[in-house]
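Trainee:
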DNA sequence: ATTAAATTGTAGTCGAGGCTACAATTCTGT
DNA sequence: ACAGAATTGTAGCCTCGACTACAATTTAAT
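Residue numbers (the numbering used here), protein chains in the order written: chain A, 175 to 313; chain B, 175 to 313.
Here's what the structure looks like:
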């Protein structure tokens with residue numbers, strides 16, 4: 175009975191995470207594309223994620239509401255300071271997870287895919303452990 | 175350019191995973207509740223996940239379509255052979271991830287939460303590496 | 001046995017994320 | 001400069017997972 179309460183919390187958390195995952199993926203992608211192509215357009219994101227430009231459009235609007243992105247009609251998308259900070263945190267976290275998977279012997283291709291899925295579900299504490307492990311392996 | 179194709183694949187995969195995650199959570203929960211209470215009812219699942227019984231109801235219908243579950247109106251929910259196999263695989267995988275997190279030094283509470291989020295995104299290969307690591311730590 | 005409570009089912013709504021089709025704007029090449 | 005291509009925006013639809021409100025069935029208690 176009381177177990178139900180304990181159980182339902184993680185599950186709720188998992189679902190709520192889904193709503194932030196996309197935002198994180200977007201700022202990460204915007205940062206990457208911007209640094210590569212000088213600016214980031216809707217089409218670039220659409221190709222990157224393999225979705226229609228319409229989907230990207232609405233998502234960018236949402237990111238703008240959340241203050242992560244700034245853009246004007248028919249103009250490229252830029253990250254705000256807040257968005258950049260989030261993107262950096264995400265990139266670092268992504269890299270940590272990826273390097274960690276490599277360090278424990280996962281092959282690069284599988285590591286790339288799994289890191290993509292795992293990164294959003296790693297707490298700061300677990301992340302620290304990943305770092306420690308990766309360092310230990312490198313000695 | 176060709177990078178776009180490479181990039182979009184993992185992201186597509188991530189999204190598709192979401193649709194299977196819930197199914198996996200459900201069979202896991204049904205297995206757990208069934209073994210504890212002798213049978214598993216809609217209400218139990220609703221409490222377990224902290225959602226309404228209606229949500230559970232439709233989800234159970236979907237699981238039935240997928241042949242993972244068998245049930246009749248106003249009757250408890252039972253796993254099919256296929257559903258049981260999936261539940262077992264999920265439980266094992268969950269346990270591996272959880273024990274692995276403990277082994278690398280994550281505290282039990284954080285490990286429980288993170289395992290919940292991570293388990294669905296771990297490829298068989300990465301899982302093997304987790305097992306190997308956990309064993310290594312125990313020596 | 002009948003009523004009250006618990007459980008399950010159904011109808012209808014909502015937001016998120018996806019799409020197509022079409023309109024508007026900006027960019028480009030000649 | 002201007003037509004055609006590329007890009008972006010808008011309208012409207014779909015599916016899925018969630019909900020409330022209400023109807024139906026089963027279980028339990030007196």
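Quick reminder that beta carbons are idealized off the backbone N, C-alpha and C, glycines included.
Out of A:267, A:196 and A:250, point me to the one whose CA is closest to residue 236 of chain A's CA.
Mentor: Of the candidates A:267, A:196 and A:250, the one whose C-alpha sits nearest the C-alpha of residue 236 of chain A is A:196.
Trainee: Return the residue from the list A:239, A:202 and A:229 that minimises the CA-CA distance to residue 267 of chain A.
Mentor: Minimum Cα distance to residue 267 of chain A is reached at A:202.
Trainee: Taking Cβ to Cβ, would you say residue 311 of chain A is nearer than 7 Å to residue 277 of chain A?
Mentor: Yes, Cβ-Cβ distance for residue 311 of chain A and residue 277 of chain A is below 7 Å.
Trainee: Output, in chain order, the set of chain B residues within a Cβ distance shorter than 7 Å of residue 300 of chain A.
Mentor: Those are 275, 280, 284 and 288, listed as they occur along chain B.
Trainee: What residue does the alpha helix (DSSP H) around residue 212 of chain B start on, and which one ends it?
Mentor: Looking at the DSSP string, residue 212 of chain B is not in any alpha helix (DSSP H), and its letter there is neither H nor E.
Trainee: Should residue 227 of chain A be flagged as near chain B, meaning a C-beta pair shorter than 7 Å?
Mentor: No, its Cβ sits nowhere closer than 7 Å to a Cβ of chain B.
Trainee: Determine, for residue 118 of chain B, whether the minimum Cβ-Cβ distance to residues of chain A falls below 7 Å.
Mentor: One cannot answer for residue 118 of chain B here, as it falls past the ends of chain B, which runs 175 to 313.
Trainee: Evaluate residue 248 of chain B with the Cβ neighbour count: other Cβ atoms within 10 Å of its Cβ, from every protein chain shown; 16 or more gives buried, anything less gives exposed.
Mentor: Result: exposed.
Trainee: Flag residue 204 of chain B as yes if its beta-carbon sits less than 7 Å from any beta-carbon of chain A, otherwise no.
Mentor: Cβ-Cβ to chain A under 7 Å: no for residue 204 of chain B.
Trainee: Closer than 7 Å, CB to CB, is residue 134 of chain B near chain A or not?
Mentor: A question about residue 134 of chain B goes unanswered here, because the residues of chain B that appear run from 175 up to 313.
Trainee: Could you check where the alpha helix (DSSP H) with residue 248 of chain B kicks off and where it finishes?
Mentor: Taken as a continuous stretch (DSSP letters only), residue 248 of chain B belongs to no alpha helix (DSSP H), as it is neither H nor E.
Trainee: Measuring only the C-alpha atoms, how far is residue 239 of chain B from residue 232 of chain B?
Mentor: If you take the alpha carbons of residue 239 of chain B and residue 232 of chain B, they lie about 11 Å apart.
Trainee: If I measure Cβ to Cβ from residue 305 of chain B and keep anything under 8 Å in the same chain, skipping five residues before and after, which residues do I get?
Mentor: Around residue 305 of chain B: 270 and 274.
Trainee: Answer yes or no: do residue 234 of chain B and residue 251 of chain B have a C-beta to C-beta separation smaller than 7 Å?
Mentor: Taking 7 Å as the Cβ cut-off, residue 234 of chain B and residue 251 of chain B qualify as a contacting pair.
Trainee: Compare the C-beta of residue 297 of chain A with all C-beta atoms of chain B and state if any pair is closer than 7 Å.
Mentor: Interface residue, yes.
Trainee: Determine the extent of the alpha helix (DSSP H) in which residue 288 of chain A is found, giving its start and end residues.
Mentor: That run of the alpha helix (DSSP H) goes 282-292.
Trainee: Would you kindly report the start and end of the unbroken alpha helix (DSSP H) that includes residue 229 of chain A?
Mentor: First-last of the alpha helix (DSSP H) with residue 229 of chain A: 227-239.
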